[in-house]
Amino acid sequence: MTGNREEFTVTPWEVRGEVNYERLVVEFGLTPLNKDLYERLTRLAGDTHKLLRRGVFFAHRDLDWLLDKYERGEMFYLYTGRGPSGHTHLGHMVPWFLTKWLQDRFGAKLYFQMTDDEKFLFKPELTLEKTRKYALDNALDVIALGFDPDKTKIFLDTDYIGFLYKIALQFAKKITFSTVRATFGLTESSNIGQIFFTSIQAAPAFIESIITGKNVPCLIPLAVDQDPHFRLARDVAPKLGFYKPAILHSKFLPSLSGGGKMSSSEAMSAIFTTDSPEEVRKKIWNAFTGGRPTIAEQREKGGNPDICPVFHYYAFIFEEDDRALGERRKRCLSGDLLCGECKEDLIKRVTNFLKEHQRKRERARDIVDKFLLRGEQTF
Ligand code: TYM
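Numbering (the numbering used here), first residue to last: 730 to 1108.
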């Protein structure tokens, strides 16, 4: 995506440059999440979530339609996922935090897809054994977030293909190679699994409709890089007699090294759920910030929280209190708060969070089987 002032790329497999979300709304054809809809969601949920309140979830497709259906008594289900190419980082969990909140507030079922097939197809260095291993490891992170075991199913594509394949085929038959190539930037030399893959990611958006034999609304929380898959799925859905899935789009928790989203393959750019306190300390201390080159200059001119990944970590995850976040921002802008203090405080919060999360991850090993779907199982 090229603009006058900036250049950036957002595809499911690559996020590069300084993402301009307003331009993405236009180019992807998204609807901004406006105040009215935010307030309606808040009223129906009974409270709000910081990721919504702070505009981290900034856009949607058909959320208003989904809420109309809900108010008329048509319950929706949730669907989201992970491409298991390594350990989970904190950015991956951003859509999962909101998904968990939605499940709690609305009592919705969740299908969670582990696209071990996708990562095998798109990452030359990965084997199917490795992507399976990561998928089972990443499932522990999902479970550790506290999803309801009676309302949540997780599946690896290679385990659940018996069920998914029949849905995927219906989509595959209605999507041409030229559409896939244009949507995802594939080329003549892309492998043929990559061309087919989008129909596998589309399939869970229709699972409940297939199982129940009647249309069931589906809501997909994700970060905006995954939207292109569902643009295609939404185009095809009515042709097959399905509802179009509704979508809620998040911005990216930025890379600690500055710019773009975090990357599983660049260790210093992200904090992984398996990181030790020492690794957390090193990564945050080395992080890019919105600070000035010298303390004197920062005291005089203040820092820039808007471009600072450390500040974004607070805003996305590590500061619940809006007033405290506002205060931190003000102190940064005025030069009162220096980066060292801000980083130290974040190190403490991240370390405490991970200590607790890692404990829950270990406990999740005992119950992971209850969450996993195989063969043609359903809820
Ligand atoms: P994956 O594994 O790249 O990412 C998992 C989820 O995390 C989001 N995400 C981020 N969100 C905020 N900040 C970041 N820095 C960040 N990096 C990644 C992604 O948008 C995604 O929601 N193909 C998918 C797996 C998948 C899926 C789905 C995702 C299968 N079905 C349905 C969403 C909805 C993938 O590789 O995600």
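Virtual Cβ for every residue (Gly too), placed ideally from N, Cα, C. Quick caveat, the model's predicted, so the values are computed rather than measured.
- Message: Looking only at its chain, what residues have a beta carbon closer than 8 Å to the beta carbon of E803, apart from the 5 residues adjacent to it on each side?
- Response: Hits under 8 Å: V945, P946.
- Message: Quick check: the Cα distance between L948 and K848, rounded to an integer number of angstroms?
- Response: Approximately 24 Å between the Cα atoms of the pair.
- Terminal residues of the continuous beta strand (DSSP E) containing G922? From DSSP, G922 is part of no beta strand (DSSP E) but of the alpha helix (DSSP H) over 921–931.
- Is I949 near the ligand TYM, going by C-beta to nearest heavy atom under 6 Å? Yes, the beta carbon of I949 sits closer than 6 Å to at least one heavy atom of the ligand TYM.
- Helix, strand or coil: which one does DSSP assign to R972? The sequence as given places Tyr at residue 972; Arg does not occur at that position. Reduced to three states, the DSSP call for Y972 is coil.
- Task: From the DSSP output, in three-state form, read off T1002 for me.
- Result: coil
- Would you call the segment 772–788 and the segment 1035–1055 touching, i.e. three or more CB-CB distances under 8 Å? yes
- For M894, which of R834, Q930, N920 has the nearest alpha-carbon? A quick correction: the sequence has Tyr, not Met, at residue 894. Per the Cα distances, Q930.
- Query: A1025: which of I1000, V1009, C1068, W1014 sits nearest, CA to CA?
  - Reply: Nearest neighbour of A1025 by Cα position, chosen from I1000, V1009, C1068, W1014, turns out to be C1068.
- Message: Once DSSP output is grouped into helix, strand and coil, what is the label at K895?
- Response: helix
- Query: I976 and L1075: beta carbons closer than 7 Å?
  - Reply: Not closer than 7 Å, so no.
- Own chain partners of G775 with C-beta closer than 7 Å, once the 5 adjacent residues on each side are dropped: R834
- Message: Whole angstroms are fine: how far does the CA of V1009 sit from the CA of A868?
- Response: 22 Å
- Query: Considering only residues of the segment 763–801, which uninterrupted alpha helix (DSSP H) runs meet the minimum length of 4 residues and lie entirely inside it, listed in chain order?
  - Reply: 764–774, 779–782, 792–800
- Would D793 pass as a contact of D846 if the rule is Cβ separation under 7 Å? no
- Item | Cβ separation of R1060 and L1066, assumed to be a contact under 8 Å, to the nearest whole Å | 4 Å
- With DSSP as the reference, label T683 as helix, strand or coil. Within the shown structure, residues of the chain are numbered from 730 to 1108, placing residue 683 beyond reach of any answer.
- Tell me whether T811 counts as near the ligand TYM, meaning its Cβ is closer than 6 Å to at least one heavy atom of that ligand. The displayed chain sequence assigns Arg, not Thr, to residue 811. Yes.
- Task: Mind the definition here: the segment 801–817 touches the segment 957–971 only if three or more C-beta pairs lie below 8 Å; say whether that holds.
- Result: Because the criterion of three Cβ pairs below 8 Å is not met, the segment 801–817 and the segment 957–971 do not touch.
- When the Cα atoms are used, what is the spatial distance from P974 to E937? 11 Å
- Please classify T731: does DSSP put it in a helix, a strand, or coil? Confidence at T731 is low in this model, with a pLDDT of 38, below 50, so its placement is unreliable and the value that follows should be read with caution. It is a strand residue.
- Exposed or buried, G732, counting other C-beta atoms within 10 Å across all chains shown (16 or more means buried)? Note that G732 scores 38 on pLDDT, short of 50, meaning its location in the model is unreliable; the coordinates nonetheless yield the value given after this. With a 10 Å radius around the Cβ and a threshold of 16 neighbouring Cβ atoms, G732 comes out exposed.
- Task: Could you pull the start and end residues of the alpha helix (DSSP H) that F685 belongs to?
- Result: The structure shown does not extend to residue 685, since the chain spans only 730 to 1108, so no value can be given for it.
- What are the boundary residues of the alpha helix (DSSP H) that includes L1062? 1051–1063
- Considering only C-alpha positions, which residue in the set F851, F737, W742 is nearest to E756? Checking every option, the nearest Cα to that of E756 belongs to F737.
- T817 beta carbon near the ligand TYM (any heavy atom closer than 6 Å): no
- To the nearest angstrom, report how far apart L819 and I904 are at their CA atoms. Spanning the two alpha carbons is a distance of roughly 34 Å.
- Message: So for L727, helix, strand or coil by DSSP?
- Response: No statement about residue 727 is possible, as the shown extent of the chain runs from 730 to 1108 and does not include it.
- Task: Verify the contact flag: P696, CB atom, against every heavy atom of the ligand TYM, threshold strictly below 6 Å.
- Result: Outside the displayed range of the chain (730 to 1108) lies residue 696, so it cannot be described from this structure.
- With a CB to CB cut of under 7 Å and the five nearest residues on each side skipped, what residues in its chain are close to K852? S814
- Message: Check for me: the alpha helix (DSSP H) holding Q1087 runs from which residue to which?
- Response: 1068–1093
- Query: Is T740 helix, strand or coil when you go by DSSP?
  - Reply: strand
- Mind checking whether A952 and L985 have CB atoms under 7 Å apart? no
- Below 8 Å on the Cβ atoms is my guess for F1108 versus K882; work out the distance and round it to an integer in Å. 6 Å
- Query: Using 7 Å as the limit for Cβ to Cβ distance, is P741 near chain D?
  - Reply: Going by chain labels, chain D is absent from the structure shown, which holds only one protein chain.
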